[in-house]
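K.L.:
Starting off with a structure, shown below.
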Amino acid sequence: MQEASGAMRFVDVDPDRFSMTIDAVALGDYVVHRNLVGPGTFDVVDAAGAEEPVAMIILLTDGSVSLIHGRQELDLHPGGGALAVSEEVYRTTVDEQATYLYVFVPLRALRRLGITPTPFGALAPSPLLRASAAFLEEVVSSFEPIGGAAQVRLCRVIDTMLATLYAENDLFQADADAGRVPIRLRIMEHIAVSFAERELRPETLARRFNMSTRSLQRVFEGSGTSAAGEIAERRLQLALALLSDPDHRALSIAEVAARCGYHSQAHLRRAVVAHTGFSPTQVREQATTGGS
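The number in the working numbering is simply the position in the sequence shown, starting from 1, with 2 added.
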């Protein structure tokens with residue numbers, strides 16, 4: 003853990019009821035804060051440090067999610083608490099104590115993804131972003147020190163969330179040199195909408211983008227991921243979301259596998275066991291027990 007680098011300014015709190023704890027951890031270019039705070043109204047001021055965040059992902063561990071691009075707020079999943087954005091601060095009001103996860107996104111992170119953000123643009127909710135956010139929340143909520151492969155994996159999840167947001171909402175400028183959207187962003191956007199196709203593989207992507215598989219590999223060099231890794235990540239995120247959602251309990255494990263693009267129930271089982279240590283049935287049972 004490292005000391006939280008952000009600043010909080012209290013607007014209206016009841017000293018007899020209010021409490022707050024703040025932790026922070028660095029994940030590559032990103033800084034993730036966990037704030038247990040409330041009830042009351044408070045401002046979060048430039049919590050990413052010297053470089054003002056371009057975007058900020060806000061997750062409540064009770065399941066609500068927001069994402070702010072510039073001065074706009076994207077409600078991915080409505081929840082308790084109200085958030086208002088001014089030109090200088092992010093003001094939050096919570097009626098009861100809540101745990102927030104803030105992921106601060108500096109401009110250098112977007113540049114690494116080949117994104118040049120625009121200051122304005124209409125935002126729209128995305129089921130894929132909700133699934134990514136739910137996965138990030140699940141992994142980070144324990145908030146143990148994160149390093150090694152786990153840190154790389156979490157950075158990839160945040161990268162994918164951002165690429166989806168900017169691609170789906172046209173919040174990026176075309177590459178000035180190539181006169182088009184950066185190729186890696188275009189491929190990640192295609193994966194985001196096509197990962198549930200069983201035939202989607204790196205070879206399929208290479209054909210669709212008129213390149214060799216070696217050229218496709220080079221597109222992802224230095225990004226910490228690959229085309230195969232992005233496809234696998236998307237499928238796993240959706241599978242875990244479906245297995246954990248009581249509204250989808252009627253789906254058989256085979257049906258979950260088919261919806262996520264796995265060739266068989268066995269392929270789904272191997273992916274879930276490798277990530278969680280539990281079978282799909284056990285993951286579903288744990289979610290049911292935890293929610294009861």
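Think of the CB as a built atom: it goes at the ideal place given N, C-alpha and C, for glycine as much as any other residue.
Note that the coordinates shown come from a computational prediction; the quantities given were computed from them, not determined experimentally.
Assign T43 to one of three DSSP states: helix, strand, or coil.
P.N.:
Locating residue 43 in the sequence shown gives position 41, counting from the first residue. Strand.
K.L.:
Within the same chain, show all residues whose beta-carbon is closer than 7 Å to that of D249, passing over the 5 residues directly before and after it, in chain order.
P.N.:
Numbered from its first residue, the sequence shown carries residue 249 at position 247. Taken in chain order, the list of residues that qualify is empty.
K.L.:
What number of angstroms, rounded off, separates the C-alpha of L156 from the C-alpha of L115?
P.N.:
Along the sequence shown, one-based indexing puts residue 156 at 154. Along the sequence shown, one-based indexing puts residue 115 at 113. Distance between the alpha carbons of L156 and L115 is about 15 Å.
K.L.:
At which residues does the alpha helix (DSSP H) containing M213 begin and terminate?
P.N.:
Position 211 of the sequence shown, counted from the first residue, corresponds to residue 213. It is not in any alpha helix (DSSP H) - M213 carries neither H nor E in the DSSP assignment.
K.L.:
Looking at the structure shown, is A252 part of a helix, part of a strand, or coil, going by DSSP?
P.N.:
For the purposes of this step, residue 252 is taken as the residue at position 250 of the sequence shown. A252 falls in the coil class under three-state DSSP.
K.L.:
Is the Cβ-Cβ distance between A198 and A234 less than 8 Å?
P.N.:
Residue numbering aside, residue 198 sits at position 196 when the sequence shown is read from its first letter. Residue numbering aside, residue 234 sits at position 232 when the sequence shown is read from its first letter. The criterion of a C-beta distance shorter than 8 Å is not satisfied by A198 and A234.
K.L.:
Starting from G29 and walking both ways along the alpha helix (DSSP H), at which residues does that stretch end?
P.N.:
What you label residue 29 is simply residue 27 of the sequence shown in a count that begins at 1. It is Leu, not Gly, that sits at residue 29 in the sequence shown. Segment 21–29 is the beta strand (DSSP E) holding L29; no alpha helix (DSSP H) there.
K.L.:
At which residues does the alpha helix (DSSP H) containing L115 begin and terminate?
P.N.:
Locating residue 115 in the sequence shown gives position 113, where the first residue counts as 1. DSSP places L115 outside any alpha helix (DSSP H), giving it a letter other than H or E.
K.L.:
Could you have a look at F38 and say whether DSSP puts it in helix, strand or coil?
P.N.:
On the sequence shown, residue 38 is found 36 positions in, with the first residue counted as 1. In the sequence on display, residue 38 carries Leu and not Phe. Reduced to three states, the DSSP call for L38 is strand.
K.L.:
Report the residue from G42, M163, I160, R236 whose alpha carbon sits nearest the alpha carbon of D18.
P.N.:
Here the question's residue 18 lines up with position 16 in the sequence shown. Of the candidates G42, M163, I160, R236, the one whose C-alpha sits nearest the C-alpha of D18 is G42.
K.L.:
With H, G and I counted as helix, E and B as strand and the rest as coil, what does DSSP make of L242?
P.N.:
Here residue 242 corresponds to residue number 240 of the sequence shown, with the count starting at 1. In the structure shown, L242 falls within a helical segment according to DSSP collapsed to helix, strand and coil.
K.L.:
Looking only at C-alpha atoms, which of E257, A241, H35, C262 sits nearest to T278?
P.N.:
Taking the first residue of the sequence shown as position 1, residue 278 is located at position 276. Of the candidates E257, A241, H35, C262, the one whose C-alpha sits nearest the C-alpha of T278 is A241.
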